[in-house]
Amino acid sequence: DVKVTQSSRYLVKRTGEKVFLECVQDMDHENMFWYRQDPGLGLRLIYFSYDVKMKEKGDIPEGYSVSREKKERFSLILESASTNQTSMYLCASSPRLNIQYFGAGTRLSVL
Amino acid sequence: GIQVEQSPPDLILQEGANSTLRCNFSDSVNNLQWFHQNPWGQLINLFYIPSGTKQNGRLSATTVATERYSLLYISSSQTTDSGVYFCAVEGNAGNMLTFGGGTRLMVKP
């Protein structure tokens, strides 16, 4: 079975903090993705990566950056967390041009 | 970009009933997936179905790519089917999935 693991299920941070969300997949997938999910807005793509050290902006990259130093790990970084970044964050991975598999999600609250 | 619309937005069923969820998309696609998000937030793949028909137990899905829609059928619904069902498509341009707004299903015992 494919396993996509997100480091935290729940996270509470203060405004202005630097926040790291980690995602690890164990299936040697090329592609990895970060989404956020908000009520009424559905899932929106923040960034994705199709290879180590490669990244592409999604629909809402502002306020976020990403890092992919190893194939299995894709990190989402909030440089200076703000209250409007309170959300559910979902990581996914996929083989090239194929099914996406999701992690369990991280509920982030920024106070 | 590609637009994805799902209907109905909300659905309440009595246990044992059947239902059909619909996903319309605005352009040709090379990837279409149906997901179920359980009450704890986990998104589970149900089908990868850019065209044709597939069945998995009580669930089946049909995509008519030429008419730009997909249907998800749930038969003999159970309370564990409750949650949100998402359709997501990838257009011909690249690797990004675009999600529909979801159908929130509640199955009552």
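As you go down the protein sequences, you meet chains L and A in turn.
For the first sequence, counting from 1, position 34 maps to 1059 in the numbering used here; every step adds exactly one.
For the second sequence, counting from 1, position 64 maps to 964 in the numbering used here; every step adds exactly one.
The C-beta atom is built at its ideal place from N, Cα and C for all residues, glycine as well.
Exercise for review: Would you kindly check if the distance between the Cβ of TYR985(A) and the Cβ of LEU913(A) is under 7 Å?
Suggested key: no
Practice item. Going by DSSP, name the residue or residues bridged to LEU1133(L). Key: Its beta-bridge partners are LEU1036(L), SER1112(L).
Practice item. Give the secondary structure of ALA1106(L) by DSSP, where H, G and I count as helix, E and B as strand, and everything else as coil. Key: coil
Check your understanding: Closest to SER975(A) by CA distance: which of GLN955(A), PHE947(A), PRO908(A) is it?
Key -> GLN955(A)
Check your understanding: Within 7 Å (strictly less), CB to CB, does PHE1099(L) reach chain A?
Key -> no
Check your understanding: So what's ALA1117(L) in DSSP terms, helix, strand or just coil?
Key -> strand
Check your understanding: Closest to GLN1031(L) by CA distance: which of SER1112(L), SER1119(L), THR1108(L), SER1100(L) is it?
Key -> SER1100(L)
Check your understanding: Three-state secondary structure (DSSP) at SER917(A)?
Key -> According to the sequence shown, residue 917(A) is Ala rather than Ser. Here DSSP, grouped into helix, strand and coil, assigns ALA917(A) to coil.
**Study point:** Straight-line Cα distance separating VAL1049(L) from ASN1109(L)
**Key:** Cα-Cα distance, rounded: 25 Å.
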